[in-house]
Amino acid sequence: MGTRYFVMKERAVPEVLLKVVEAKRLLETGKVHTVNEAADQAGISRSSFYKYKDDIFPFHENSRGTNITLTFQMEDEPGLLSDVLKIIAEFGANILTIHQSIPINGVASLSLSMQVLPTTGNVSDMLEDLRGQQGVMHVKILAESGEEPGGSLAQS
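All residue numbers for the sequence shown refer to the UniProt record's numbering, where the first residue is 1 and numbers rise by one.
Dropping the structure here:
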């Protein structure tokens, strides 16, 4: 059986894995210089760090070079699709496909695929901005494809 990947909300990720991500961040930013220091500051054992370090990565770090498909439930308002596309453009992602259904009872369903480029901003922040857009009722990551991300993906 091949490696399987999951996209999870942060609240569903076990605390030890979140602490591994924090320890890795401390090392990558140079705030600490050894694994021992990183593990101590994050509140985990070195063995936990080594056990999971290659198995978890924040979503935005591993999405570069991939295609992401999002589904939306949106109010049927003039200009709302344009506002959504503007947010994606501001983060520098490349839109590949857009499929919008005919609105039913004032609600439109939208499927949007985008390419996350090396220059694209933080994907987690983009998703947060999309979810916060007035008139957007729901945003969900439907699929992710492209370069193998290297581990479980945690979504904030």
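Using N, Cα and C, we set each Cβ at its ideal position, and we do this for glycine too.
Since the model is a prediction, treat every value here as computed from it, not as a measurement.
- Message: Our contact map puts residue 20 next to residue 49 with C-beta atoms below 8 angstroms; I'd like the distance itself, whole angstroms only.
- Response: About 6 angstroms separates the two Cβ atoms, so the contact holds.
- Task: Work out the CA separation of residue 144 and residue 94 for me, nearest whole Å.
- Result: Each residue's alpha carbon lies about 14 angstroms from the other.
- Use the C-beta contact count for residue 159: other C-beta atoms within 10 angstroms, 16 or more gives buried, fewer gives exposed. Beyond the ends of the chain as shown, which are 1 and 156, falls residue 159; an answer cannot be given.
- Message: Cutting at 8 angstroms between CB atoms, please list the residues of its own chain near residue 107, excluding the five before and the five after it.
- Response: Hits under 8 angstroms: 73, 74, 75, 76 and 137.
- Task: Can you say whether residue 38 is buried or exposed, counting buried as having 16 or more other CB atoms within 10 angstroms of its CB?
- Result: The residue in question, residue 38, is buried, as its Cβ has 16 or more Cβ neighbours within 10 Å.
- Query: Buried or exposed: which applies to residue 112, given that a residue is buried once 16 or more other Cβ atoms fall within 10 Å of its Cβ?
  - Reply: So residue 112 counts as buried.
- With 16 as the cutoff for other CB atoms within 10 Å, does residue 91 come out buried or exposed? Buried is the call here.
- Message: Using 8 angstroms for Cβ pairs, my map puts residue 104 next to residue 7. What's the rounded Cβ distance?
- Response: About 27 angstroms separates the Cβ atoms of residue 104 and residue 7, ruling out a contact at the 8 angstroms cut-off.
- Query: Is the beta carbon of residue 96 sitting closer than 9 angstroms to the one on residue 115?
  - Reply: In contact: residue 96 and residue 115 (Cβ atoms closer than 9 angstroms).
- Taking the alpha-carbon positions, what's the residue 11 to residue 18 distance? Roughly 10 angstroms between the two C-alpha positions.
- Could you tell me the boundaries of the beta strand (DSSP E) in which residue 122 lies? Run containing residue 122: none; DSSP gives neither H nor E here.
- Message: Which of the three DSSP states is assigned to residue 75 in this structure?
- Response: Residue 75: strand per DSSP, three-state reduction.
- Message: Please report the distance separating the alpha-carbon of residue 46 from that of residue 23.
- Response: Distance from the CA atom of residue 46 to the CA atom of residue 23, rounded to whole angstroms, is 10 angstroms.
- DSSP three-state call for residue 36: helix, strand or coil? In the structure shown, the three-state DSSP call for residue 36 is helix.
- Output yes or no for whether 9 angstroms exceeds the beta carbon distance between residue 81 and residue 98. Here residue 81 is near residue 98, since their CB atoms are less than 9 angstroms apart.
- Just checking my contact of residue 139 with residue 70 at CB under 8 angstroms: how many whole Å lie between their CB atoms? Yes, they are in contact, since the Cβ atoms of residue 139 and residue 70 sit about 6 angstroms apart, within 8 angstroms.
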